[in-house]
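Have a look at the structure below before the remarks.
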Amino acid sequence: MSAPSRTASRLERSTTVRILTRVGLASIGLLHLLIGIIALAVAAGAGGQADQSGALQAVASAPGGVFVLWLVVAGLIVLAVWQLLVAVTAHGAGTKALEVVKAVVYAALAVVTVSIATGGHHNTTSTEKTLSARLLALPGGVFVLGLVGLVVVVVGAGFIRNGVTHRFERDLKLPPDRWAGTITVLGRVGYIAKGIALLLVGGLVVAAAITVDPSKAGGLDGSLKALVSVPFGVFLLIAIAAGLIAYGLFWCVRAVRARL
């Protein structure tokens with residue numbers, strides 16, 4: 002084993018790192034729980050921003066919410082570091098690349114959380130529309146935006162496949178107790194719901210590229226709210242919201258029960 006791998010292995014066994022990693026896992030669960038709840042509110046005709054930014058702002062507005070946000074920041078940063086440690090010790094270029102991508106996603110979410118914790122207002126929908134408009138203004142930008150949308154669609158399809166085929170269970174290290182079955186059921190439902198939500202997001206991004214209309218690239222919030230205006234869309238929105246809540250519970254219980 003190389004020196005970097007030995008160092009990564011020692012850090013992975015650190016009690017402090019493991020505790021904060023569990024906080025990070027629970028933070029992902031909390032965000033999806035809140036997104037699912039906000040989506041249910043949207044289905045009922047209420048307002049709200051049904052994405053990560055909206056969930057974080059909901060936490061910030063609660064008593065003691067800013068303290069919780071800083072705890073989330075710490076957890077996400079350590080979770081990002083954990084994924085990098087896993088990437089160092091993992092075998093295979095594909096597995097290493099996937100772990101690095103996860104680390105980047107968690108780090109980016111930590112940056113957004115810091116912005117909101119310090120009093121900033123982050124609107125993911127507005128940001129994505131702005132970035133889409135800038136891309137479309139560039140030579141060949143329509144193809145880049147379309148490719149981004151297709152990548153999101155592929156990721157969404159991957160989530161659905163993981164839920165249907167139970168592939169996500171390969172990465173779970175669950176003790177053989179009564180919680181194991183509950184966690185896997187929540188995971189199956191949650192992965193499928195998350196995948197459907199990403200398919201909607203990616204589909205709208207592709208539509209924005211085809212029509213050269215950046216306003217259609219509304220992110221998760223815009224995609225879920227768009228369901229309200231289509232026939233039977235409210236029922237699909239409720240189903241996705243319930244699935245996202247299940248996905249959030251999956252991460253929360255996994256944070257407590259799963260072995261790292």
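Numbering (our numbering), first residue to last: 2 to 261.
Think of the CB as a built atom: it goes at the ideal place given N, C-alpha and C, for glycine as much as any other residue.
Note that the coordinates shown come from a computational prediction; the quantities given were computed from them, not determined experimentally.
Starting from Gln58, trace the alpha helix (DSSP H) both ways and give me its first and last residue.
-> Numbered from its first residue, the sequence shown carries residue 58 at position 57. Per DSSP, Gln58 belongs to the alpha helix (DSSP H) from 53–61.
What residues in its chain sit with their C-beta under 7 angstroms from that of Leu110, if we drop five residues either side in the sequence?
-> The sequence position of residue 110 within the sequence shown is 109, counting from 1. Listed in chain order, the non-local C-beta contacts of Leu110 below 7 angstroms within the same chain comprise Gln53, Leu77, local neighbours out to five positions each way being set aside.
In chain order, what residues of the same chain lie with their CB nearer than 7 angstroms to the CB of Ser28, ignoring the 5 residues before and after it?
-> Working through the sequence shown from its first residue, we reach residue 28 at position 27. Result list for Ser28: Val73, Gly76, Leu77, in chain order.
Distance CB(Tyr248)-CB(Leu199) smaller than 9 angstroms = Counting from 1 along the sequence shown, the entry for residue 248 is found at position 247. Counting from 1 along the sequence shown, the entry for residue 199 is found at position 198. Contact flag unset, no.
Do Gly204 and Ile161 come within 9 angstroms of each other at the CB atom, strictly closer than that value?
-> Mapped onto the sequence shown, residue 161 falls at position 160. Mapped onto the sequence shown, residue 204 falls at position 203. No; because the gap between Cβ atoms is not below 9 angstroms, this pair is not in contact.
Apply the 10 Å Cβ neighbour rule to Phe236 and answer buried if 16 or more other Cβ atoms are within range, or exposed otherwise.
-> Along the sequence shown, read from residue 1 onward, the residue named residue 236 stands at position 235. Classification for Phe236: exposed.
Can you give, in chain order, each stretch of the alpha helix (DSSP H) that sits fully within the segment 119–179 and has at least 4 residues?
-> At a cut-off of 4 residues, the continuous stretches assigned as alpha helix (DSSP H) that sit fully inside the segment 119–179 are 125–138, 142–166.
Quick one: Cα of Leu250 to Cα of Ala118, how far?
-> Within the sequence shown, numbered from 1, the residue matching residue 250 stands at position 249. Within the sequence shown, numbered from 1, the residue matching residue 118 stands at position 117. Rounded to the nearest angstrom, the two C-alpha atoms are 24 angstroms apart.
Count the other C-beta atoms from every protein chain shown that fall within 10 angstroms of the C-beta of Ile20, then say buried if there are 16 or more, exposed otherwise.
-> Taking the sequence shown and counting its residues from 1, the one referred to as residue 20 is at position 19. Result: exposed.
Out of Trp71, Val102, Ala94, Leu136, point me to the one whose CA is closest to Ser116's CA.
-> Indexing the sequence shown from 1 puts residue 116 at position 115. Ranked by Cα distance from Ser116, the first of Trp71, Val102, Ala94, Leu136 is Trp71.
For Asp222, the three-state DSSP class (helix, strand or coil) | As a first step, residue 222 must be located in the sequence shown, where it is residue number 221. Note: Asp222 maps to helix in three-state DSSP.
Quick check: the segment 34–53 against the segment 86–95, are there 3 or more CB pairs under 8 angstroms?
-> Not touching, per the Cβ criterion.
Cβ neighbours of Val79 in the same chain (closer than 7 angstroms, five flanking residues each side left out) = Numbered from its first residue, the sequence shown carries residue 79 at position 78. Closer than 7 angstroms at Cβ, skipping near neighbours: Val18, Leu21, Thr22, Gly25.
Can you say whether Thr114 is buried or exposed, counting buried as having 16 or more other CB atoms within 10 angstroms of its CB?
-> Position 113 of the sequence shown, counted from the first residue, corresponds to residue 114. By the neighbour-count rule (16 or more Cβ atoms within 10 Å), Thr114 is buried.
Can you say whether Ser276 is buried or exposed, counting buried as having 16 or more other CB atoms within 10 angstroms of its CB?
-> Only positions 2 to 261 of the chain appear in the structure, and residue 276 is not among them; the question remains open.
Pick out whichever of Val102, Thr185, Thr16, His122 has its Cα sitting closest to the Cα of Val58.
-> Numbered from its first residue, the sequence shown carries residue 58 at position 57. Checking the sequence, you will find Gln at residue 58 rather than Val. For Gln58, the closest C-alpha among the options Val102, Thr185, Thr16, His122 is that of His122.
What's the C-alpha gap between Leu32 and Thr185?
-> As a position in the sequence shown, residue 32 is number 31, starting the count at 1. As a position in the sequence shown, residue 185 is number 184, starting the count at 1. Those two C-alpha atoms are separated by around 19 angstroms.
Enumerate in chain order the residues of its own chain whose CB-to-CB distance from Ala108 is below 8 angstroms, with the five nearest sequence positions on each side excluded.
-> Here residue 108 is taken as the residue at index 107 of the sequence shown, counted from 1. Here the set comprises Leu77, Ile78, Ala81.
Entirely within the segment 194–246 and at least 4 residues each: give me those alpha helix (DSSP H) ranges in chain order.
-> Taking only runs of at least 4 residues, the alpha helix (DSSP H) segments lying wholly in the segment 194–246 are 220–227.
In whole angstroms, what separates the C-alpha of Thr183 from that of Val213?
-> Here residue 183 refers to the residue found at position 182 when the sequence shown is read from its first residue. Here residue 213 refers to the residue found at position 212 when the sequence shown is read from its first residue. Between the C-alpha atoms of Thr183 and Val213 there is a straight-line separation of about 45 angstroms.
Cα-Cα separation, Gly37 to Ala240 | Residue 37 sits at position 36 when you count from the first residue of the sequence shown. Residue 240 sits at position 239 when you count from the first residue of the sequence shown. So the two alpha carbons sit approximately 10 angstroms from each other.
For my contact list, Gly93 and Cys253 are in at a C-beta cut-off of 8 angstroms; report their separation, rounded to the angstrom.
-> Position 92 of the sequence shown, counting from 1, holds the residue named residue 93. Position 252 of the sequence shown, counting from 1, holds the residue named residue 253. Wrong, their Cβ atoms sit about 30 angstroms apart, outside the cutoff.
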